[in-house]
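*Asks:* First, the structure itself, so that you have it in front of you.
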Amino acid sequence: MMKIAIIAALLAVSMALEVPQAAEGPHIAKDVDCPSYLCNGKPDGNFEYRPYSGYVKNQFVQCVDGKPSCQVCWPKNLEFSERCNQCLYSAHDECVSTVAFSPAVTSFCPDKCPHRGPKFSGNIADSDNNKHYIACWEGVTVGCVDCPKGLLFNEQWNACLYNGVHITKPGSH
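The sequence shown runs -16 to -1, 1 to 157 under mature numbering (1 follows the signal peptide of the UniProt record, and there is no 0).
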């Protein structure tokens, strides 16, 4: 009888224990109410989370086509800065990057990957421009990737090299 009482007690205690849940990731915000009015009249982008109940510093709303998606900064002790479009330790901190974004200059990229077959994934040389290489994924041309200035692509080494053949700059020893 004593064994049954002990087993019953252990069973009751084990059922009462709460299993800790995995930490929320940056994209999971189950505890954030996300009313549709948060994006009324706003362009696509990220904005401070300001429901009728007031400003919540560690949350923000992402508006796409007038539809809100409410997010929590991760970790949760960060604050969203609309000015920086980032979660920072304080919304008044400097933005992490102060350099204005400018898209890379693009050039013509030949579609040479299909010639290697539908299973080919890798980089190939462009016989017309060795200052970049052609990136392929499963026989599809993904795009051209420029080598750093002064380097040329070597397909055999699958690398951008000095003069296309040297790993280190000639004469730098």
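Don't be surprised by glycine CBs; every beta carbon is placed ideally from N, CA and C.
Values in this document were obtained by computation on a predicted structure and should not be read as measured data.
In three-state DSSP terms, what is VAL120?
*Replies:* The question names Val, yet the displayed sequence has Cys at residue 120. Reduced to three states, the DSSP call for CYS120 is strand.
*Asks:* Could you work out which residue in THR125, VAL40 and GLN46 is closest to LEU62 when comparing CA atoms only?
*Replies:* Cα-wise, what sits closest to LEU62 is VAL40.
*Asks:* Going by the DSSP bridge assignment, what does CYS128 pair with across the sheet?
*Replies:* Partner(s): ILE118.
*Asks:* Grab me the residues of LEU136's own chain with a C-beta within less than 7 Å of its C-beta, minus the 5 sequence neighbours each way, in chain order.
*Replies:* Cβ neighbours of LEU136 beyond the five flanking positions: ASN114, LYS115, CYS144, LEU145, ASN147 and GLY148.
*Asks:* Name the DSSP bridge partner or partners of SER53?
*Replies:* Answer is GLN46, bridged to SER53.
*Asks:* DSSP on HIS76, reduced to helix/strand/coil?
*Replies:* DSSP places HIS76 in coil when its eight states are reduced to three.
*Asks:* Let me check one thing: in DSSP terms, what residues is GLN140 bridge-paired to?
*Replies:* Partner(s): none; GLN140 has no beta bridge.
*Asks:* Please name the residue in HIS76, PHE92, GLN43 and PHE64 whose C-alpha comes closest to that of VAL126.
*Replies:* VAL126 has its Cα closest to that of PHE92, out of HIS76, PHE92, GLN43 and PHE64.
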